[in-house]
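In my numbering, the protein residues as written are 9 to 230.
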């Protein structure tokens with residue numbers, strides 16, 4: 009239950025083959041702020057971009073289909089952003105095993121992240137992030153299979169904006185074996201493309217940054 013009701017609740021159906029669209033369509037008849045977007049399967053980036061394009065409110069917050077917001081998440085985060093005049097925030101999150109629901113631990117994020125820091129690590133969980141599109145504008149994710157949310161965080165901070173952590177741990181992340189984020193080689197190639205294609209960084213320095221990023225992941229540096 010979210011104390012702060014969203015202006016819009018946008019659900020993007022990315023080519024599901026079950027009855028998801030029918031259920032959502034029925035719900036939308038009784039929930040005025042629910043917007044349902046259906047598209048052929050294109051992956052997480054295009055699905056999130058469709059929602060970003062349709063978003064009309066001041067703040068955009070993401071929630072992946074297999075994650076959960078705890079009660080009061082929006083209230084806690086947006087209140088912090090309003091009071092502290094922050095335009096881009098994220099938070100800690102709990103990790104559980106998707107198959108069993110068994111707790112794995114809590115991922116504790118740093119208090120703030122600059123563009124340079126995000127170049128070599130990405131501790132921001134997508135379902136914890138929110139940003140002010142009235143200030144930062146509509147920004148979209150690149151059409152790659154992995155790391156597209158990290159590319160957006162880089163775009164949001166590239167001009168000097170500091171991403172800030174809001175207090176609390178309001179998101180539950182379900183970790184699945186065999187997920188896209190677990191496929192290390194493919195993810196590394198997509199990250200390299202973000203460095204070279206999105207950030208316009210030279211090949212050799214991109215390789216250096218990728219190596220530093222890998223070291224931080226191995227060291228589990230938040």
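Quick reminder that beta carbons are idealized off the backbone N, C-alpha and C, glycines included.
Bear in mind that the values here come from a model prediction, so they are computed numbers and not experimental data.
Using a threshold of 8 Å, state whether the C-beta atoms of residue i and residue j are closer than that.
i           : j           : result
residue 156 : residue 68  : no
residue 89  : residue 16  : no
residue 171 : residue 206 : no
residue 143 : residue 95  : yes
residue 200 : residue 166 : no
residue 106 : residue 184 : yes
residue 146 : residue 97  : no
Tell me which residues share the same chain as residue i and place their Cβ nearer than 7 Å to its Cβ, disregarding the 5 neighbours each side in the sequence.
i           : result
residue 70  : 56, 134, 135 and 137
residue 75  : 135, 179, 180, 181 and 182
residue 148 : 57 and 60
residue 62  : 18, 43 and 45
residue 35  : 42
residue 33  : 44
Give me, in chain order, the residues of the same chain whose beta-carbon lies closer than 8 Å to that of residue i; leave out the 5 immediate sequence neighbours on both sides.
i           : result
residue 114 : 100, 101, 102, 103 and 177
residue 39  : 17
residue 175 : 84, 88 and 99
residue 92  : 172
residue 224 : 128 and 129
residue 211 : 204
Identify whether residue i lies in helix, strand or coil by the three-state DSSP scheme.
i           : result
residue 114 : strand
residue 255 : Coverage of the chain is limited to positions 9 through 230, which leaves residue 255 absent and any answer about it impossible.
residue 132 : coil
residue 227 : coil
residue 138 : strand
residue 214 : helix
Our contact map puts residue i next to residue j with C-beta atoms below 8 Å; I'd like the distance itself, whole angstroms only.
i           : j           : result
residue 203 : residue 193 : Incorrect: roughly 16 Å between the Cβ atoms, too far for contact.
residue 132 : residue 53  : At roughly 16 Å, the Cβ-Cβ gap does not stay under 8 Å, so residue 132 and residue 53 are not in contact.
residue 162 : residue 139 : Actually they do not touch by this definition, with Cβ atoms about 13 Å apart.
residue 154 : residue 195 : 4 Å
residue 129 : residue 221 : 6 Å
residue 47  : residue 22  : 6 Å
(request) Kindly provide the ranges of any beta strand (DSSP E) runs that are 3 or more residues long and lie completely inside the segment 9-88, ordered along the chain. (result) List check, beta strand (DSSP E) in window: 17-22, 42-47 and 67-69.
(request) Could you name each continuous alpha helix (DSSP H) segment of 4 residues or more that falls completely within the segment 166-210, going from the start of the chain to the end? (result) Runs of the alpha helix (DSSP H) inside the segment 166-210: 192-201.
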